[in-house]
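Right, one structure below, let's go through it.
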Amino acid sequence: MKSPKRFGAAVLACGALAIAAPASAHHSFAAEWDSTKCRDFTGTLRKLDWQNPHPYFFVDVKENGKVEQWSFQAYSPVTLRRNGTDRQVFLDNIDKDVWIRGCLSKTGKPNAAAAGTLKFSDGVMRQVGQIQD
Amino acid sequence: MNALHTRVAVSALIIVALCAAQGLAQGTAQGTAQGTAQGSYTIKPLPPGGPTPRLADGHPDFTGQWFPNGAGQGVSGRYGVDPAAIPQFDRKATPEEPPQFRPEALAKIKSMTATELELSKSSVNCMPRGVPAIWLQNPYTTFIVHKPGLFAQLYEVLNNWRLVHTDGRPLPKNPEPFFHGNSTTRWEGDTLVVESIGFDERTYIMPNGWYHSDELKVTERYTRPSMNYLIVEITVDDPKVLLKPWKSAPRRWTLGNGEIYEFYCTNNLELEELEKLRQQELKK
Numbered sequence: 000m001k002s003p004k005r006f007g008a009a010v011l012a013c014g015a016l017a018i019a020a021p022a023s024a025h026h027s028f029a030a031e032w033d034s035t036k037c038r039d040f041t042g043t044l045r046k047l048d049w050q051n052p053h054p055y056f057f058v059d060v061k062e063n064g065k066v067e068q069w070s071f072q073a074y075s076p077v078t079l080r081r082n083g084t085d086r087q088v089f090l091d092n093i094d095k096d097v098w099i100r101g102c103l104s105k106t107g108k109p110n111a112a113a114a115g116t117l118k119f120s121d122g123v124m125r126q127v128g129q130i131q132d
Numbered sequence: 000m001n002a003l004h005t006r007v008a009v010s011a012l013i014i015v016a017l018c019a020a021q022g023l024a025q026g027t028a029q030g031t032a033q034g035t036a037q038g039s040y041t042i043k044p045l046p047p048g049g050p051t052p053r054l055a056d057g058h059p060d061f062t063g064q065w066f067p068n069g070a071g072q073g074v075s076g077r078y079g080v081d082p083a084a085i086p087q088f089d090r091k092a093t094p095e096e097p098p099q100f101r102p103e104a105l106a107k108i109k110s111m112t113a114t115e116l117e118l119s120k121s122s123v124n125c126m127p128r129g130v131p132a133i134w135l136q137n138p139y140t141t142f143i144v145h146k147p148g149l150f151a152q153l154y155e156v157l158n159n160w161r162l163v164h165t166d167g168r169p170l171p172k173n174p175e176p177f178f179h180g181n182s183t184t185r186w187e188g189d190t191l192v193v194e195s196i197g198f199d200e201r202t203y204i205m206p207n208g209w210y211h212s213d214e215l216k217v218t219e220r221y222t223r224p225s226m227n228y229l230i231v232e233i234t235v236d237d238p239k240v241l242l243k244p245w246k247s248a249p250r251r252w253t254l255g256n257g258e259i260y261e262f263y264c265t266n267n268l269e270l271e272e273l274e275k276l277r278q279q280e281l282k283k
C-alpha cells in the first residue's frame, strides 16, 4: 500500500509549508520535551498562569474514571497574542472543555506536558506550542 | 520524459493541489482564531511600500516597529502563511557562509553537551541576547526610535533596550564590557554603520555554542531601501575565535503596526528541568 504513504507524505509537506514554524532562534523543544511521548488529553480548563517566558495552563484531565490536574506549557505570551490565542481566549474558556495534543517532559516530571495544538468548545484548531509529532 | 520524471512531476502536482486545498481549508477553519480571510495564503510578503522616510538632516529615518520576517506581522504558530513571507533572506540569492572557527574554538563548541548548549541560549536562560545576537537570533520585534544624534533600539524580548549615540563620539579606549557593547557610528551614503567593541563575554553570537572573546568587534550596517523594509548586515570580527571575519547575509526586517509588548521573564521553569537533565548527563 504505497499510495496512502505518499498521500500522507504530501499532506505533511503541505503542513510544513502552510504552518509557519517557530523562528529558528527559539530554543530547542527536543532538549526538554520527549517527541516520542506525545498524546491527546481531554479535560476541563481550570487555571491560567500568563507569564513570560511561557504561560502555563492547568487542566483537569479525565482518564479511566479519574481526574488529575496537568500543567501545559505554551508559546510565549507575545507569540500567542499575535497568533490569535491571547489571554482572553483562555480566560473565556475557564471551566470549559478542552482538547490538547502535547508531549511529556524528558525528566519524567509528573503531570506536565508541552502543548502543541488545542481546541476549545468552538472547535477551532489553535497552535499554542511547537508541534513535534 | 522518462518514468522517473513522470512520477516526480505527478507527485509535485498532487502536492501543489493538496497544499491549495489545505490552504483554503485552513483559511476557513482559522478565521476565528487568526482573524484571517479565506484564501490559500492569508499572510503574504509585505510589499516594499513607499519611498524611504528621511530625518530633517536628510539621512534615512529607521524609526518603526520591525519584524524579523517578510510579513510585517507575527508568523509563528499561524496558519495560511506564505512560505515566502517567513525568511529574512534568500539563501540562494544571498548565501550566508558558515563561520570559520579556530580549531580550539571548534573543539570547545563541540565539547558542549546537548543540555549545556540549551542552557547557554538566551531564549532559555533569560539573559540578554546582546549584540549582535539581538539582530541574528531574535524572533521578536524591535522598535527603533531614530532622530539626529540618537538611534534607540527597544527590544521586545526581555524588555531590553540600547541607545546608540550618533553624535560622532569615538569608541572608548578602555570600554566597560556591556551586553550591547560600546558603539561609534558613521554614515556611508544612506547606510548607517555602527561599530562596537567591549562586550560582556556571557553572550553567544548564535544559539549553536558560538561564543565570543574579549576581542569581539561587531559592525552593523543599517539601510532602509523603502518604507517597509529595514536591512541589517552584521560583520563579526573575533580573532581569538574565528579564522576570518564572518559576514551575515543582508537580513530584511519588515515594518509592523507599532504594537510592542511587555516581556519580563518572571517565571522561567525550564532552568530547573534542564539542570536535572544536565545532572543525568554527568552521571553517564
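Protein chains in written order, with numbering that gives the first Met the number 0: chain C, 0 to 132; chain D, 0 to 283.
Glycine residues also receive a C-beta, built at the ideal position from the N, C-alpha and C atoms.
Supposed close pair residue i, residue j - CB separation, criterion 8 Å
i, j, result
"Phe-56(C)", "Phe-71(C)", "5 Å"
"Pro-59(D)", "Trp-252(D)", "Rounded, the Cβ-Cβ distance is 14 Å, inconsistent with contact."
"Ser-110(D)", "Pro-206(D)", "Rounded, the Cβ-Cβ distance is 17 Å, inconsistent with contact."
"Asn-82(C)", "Asn-266(D)", "In fact, because the Cβ distance is near 20 Å, the residues do not count as touching under 8 Å."
"Asp-236(D)", "Ser-212(D)", "Not a contact, Cβ separation roughly 11 Å."
"Ala-221(D)", "Thr-190(D)", "According to the sequence provided, residue 221(D) is Tyr. The question's Ala does not apply to it. Yes, Tyr-221(D) and Thr-190(D) are in contact; Cβ-Cβ is about 7 Å, under 8 Å."
"Leu-254(D)", "Gly-73(D)", "Not a contact, Cβ separation roughly 13 Å."
"Pro-169(D)", "Thr-184(D)", "Going by Cβ atoms, the distance from Pro-169(D) to Thr-184(D) rounds to 10 Å, so no, they are not a contact pair."
"Gln-87(D)", "Arg-223(D)", "15 Å between Cβ atoms; not a contact."
Bounding residues of the beta strand (DSSP E) (the contiguous stretch that carries residue i)
i, result
"Val-97(C)", "96-104"
"Asp-59(C)", "55-62"
"Phe-142(D)", "141-146"
"Arg-251(D)", "250-254"
"Asn-159(D)", "159-164"
"Arg-80(C)", "Not the beta strand (DSSP E): Arg-80(C) falls in the alpha helix (DSSP H), residues 76-81."
"Ala-92(D)", "Per DSSP, Ala-92(D) belongs to no beta strand (DSSP E) and is neither H nor E."
"Ile-230(D)", "228-236"
"Ala-113(D)", "Element bounds for Ala-113(D): not the beta strand (DSSP E) but the alpha helix (DSSP H), 113-118."
"Leu-191(D)", "190-196"
Rounded straight-line distance, which links the Cα of residue j to that of residue i
i, j, result
"Gln-131(C)", "Cys-102(C)", "8 Å"
"Leu-79(C)", "Asp-85(C)", "5 Å"
"Gly-188(D)", "Pro-52(D)", "15 Å"
"Phe-177(D)", "Pro-102(D)", "27 Å"
"Ala-24(D)", "Arg-125(C)", "At Ala-24(D) the pLDDT is 31, less than 50, meaning the model places this residue with poor confidence; the figure from the coordinates comes in the next sentence. If you take the alpha carbons of Ala-24(D) and Arg-125(C), they lie about 14 Å apart."
"Val-217(D)", "Pro-131(D)", "7 Å"
"Asp-56(D)", "Tyr-228(D)", "20 Å"
"Glu-274(D)", "Ser-75(D)", "27 Å"
"Lys-118(C)", "Ala-151(D)", "41 Å"
"Leu-268(D)", "Pro-50(D)", "46 Å"
"Ala-248(D)", "His-26(C)", "22 Å"
"Trp-32(C)", "Ala-111(C)", "10 Å"
"Trp-134(D)", "Leu-215(D)", "16 Å"
"Val-77(C)", "Tyr-260(D)", "7 Å"
"Val-58(C)", "Gln-87(C)", "17 Å"
"Val-127(C)", "Asp-166(D)", "44 Å"
"Gly-79(D)", "Cys-125(D)", "31 Å"
"Val-60(C)", "Gln-129(C)", "21 Å"
"Gly-257(D)", "Phe-142(D)", "8 Å"
"Leu-118(D)", "Val-163(D)", "29 Å"
"Pro-54(C)", "Thr-234(D)", "36 Å"
"Tyr-139(D)", "Tyr-154(D)", "8 Å"
"Gly-22(D)", "Val-123(C)", "Low per-residue confidence applies at Gly-22(D): pLDDT is 33, beneath 50, and the placement is therefore not dependable, though the value from the model is reported in the following sentence. In a straight line, the C-alpha of Gly-22(D) is about 15 Å away from that of Val-123(C)."
"Asn-173(D)", "Thr-93(D)", "36 Å"
Range covered by the alpha helix (DSSP H) that runs through residue i
i, result
"Ile-133(D)", "132-135"
"Arg-86(C)", "86-91"
"Lys-282(D)", "269-282"
"Phe-28(C)", "28-31"
"Thr-218(D)", "Segment 216-225 is the beta strand (DSSP E) holding Thr-218(D); no alpha helix (DSSP H) there."
"Pro-123(D)", "The question names Pro, yet the displayed sequence has Val at residue 123(D). It spans 121-124 - the alpha helix (DSSP H) in which Val-123(D) sits, taken as one unbroken run."
"Leu-105(D)", "102-109"
Candidates the options: closest to residue i by CA position
i, options, result
"Lys-289(D)", "Asp-60(D), Pro-52(D) and Gln-99(D)", "Summary: the structure shown does not reach residue 289(D), with chain D confined to residues 0 through 283, and so no result is reported for it."
"Glu-272(D)", "Lys-105(C), Trp-49(C) and Arg-100(C)", "Lys-105(C)"
"Ala-73(C)", "Val-123(C), Trp-49(C), Gly-122(C) and Glu-62(C)", "Trp-49(C)"
"Ile-294(D)", "Asp-236(D), Asn-137(D), Val-240(D) and Glu-219(D)", "Residue 294(D) falls outside the range modelled here, since chain D spans only 0 to 283, and no answer is possible."
"Ala-29(C)", "Glu-258(D), Leu-191(D) and Thr-114(D)", "Thr-114(D)"
"Lys-69(D)", "Thr-62(D), Pro-82(D) and Arg-77(D)", "The amino acid at residue 69(D) is misidentified as Lys; the sequence shows Gly. It is Pro-82(D)."
"Leu-270(D)", "Pro-47(D), Lys-120(D) and Val-235(D)", "Lys-120(D)"
"Pro-244(D)", "Glu-96(D), Ala-84(D), Leu-170(D) and Asn-256(D)", "Glu-96(D)"
"Gly-208(D)", "Ser-39(D), Thr-62(D), Arg-185(D) and Leu-116(D)", "Leu-116(D)"
"Lys-36(C)", "Arg-100(C), Asp-96(C) and Glu-62(C)", "Arg-100(C)"
"Ser-34(C)", "Asp-121(C), Ala-114(C), Ser-75(C) and Gly-122(C)", "Ala-114(C)"
"Lys-95(C)", "Ser-120(C), Pro-54(C) and Gly-64(C)", "Ser-120(C)"
"Val-66(C)", "Pro-54(C), Arg-45(C) and Ser-75(C)", "Arg-45(C)"
"Asp-89(D)", "Arg-185(D), Pro-44(D), Pro-138(D) and Lys-283(D)", "Pro-44(D)"
"Leu-157(D)", "Arg-128(D), Gly-255(D) and Lys-282(D)", "Arg-128(D)"
"Glu-62(C)", "Asp-91(C), Pro-54(C) and Thr-43(C)", "Thr-43(C)"
"Cys-264(D)", "Leu-47(C), Ser-75(C) and Gly-64(C)", "Ser-75(C)"
"Glu-280(D)", "Thr-112(D), Asn-173(D) and Glu-232(D)", "Thr-112(D)"
"Pro-147(D)", "Ala-84(D), Trp-186(D), Asn-173(D) and Lys-172(D)", "Trp-186(D)"
Contact test: residue i Cβ vs the ligand COA heavy atom, cutoff 8 Å
i, result
"Ser-75(C)", "Among the components of this structure there are no ligands whatsoever, and the ligand COA is therefore not found."
So, does the region 198-207 of chain D touch the region 164-178 of chain D, judging by three or more C-beta pairs under 8 Å? Result yes; three or more Cβ-Cβ pairs closer than 8 Å.
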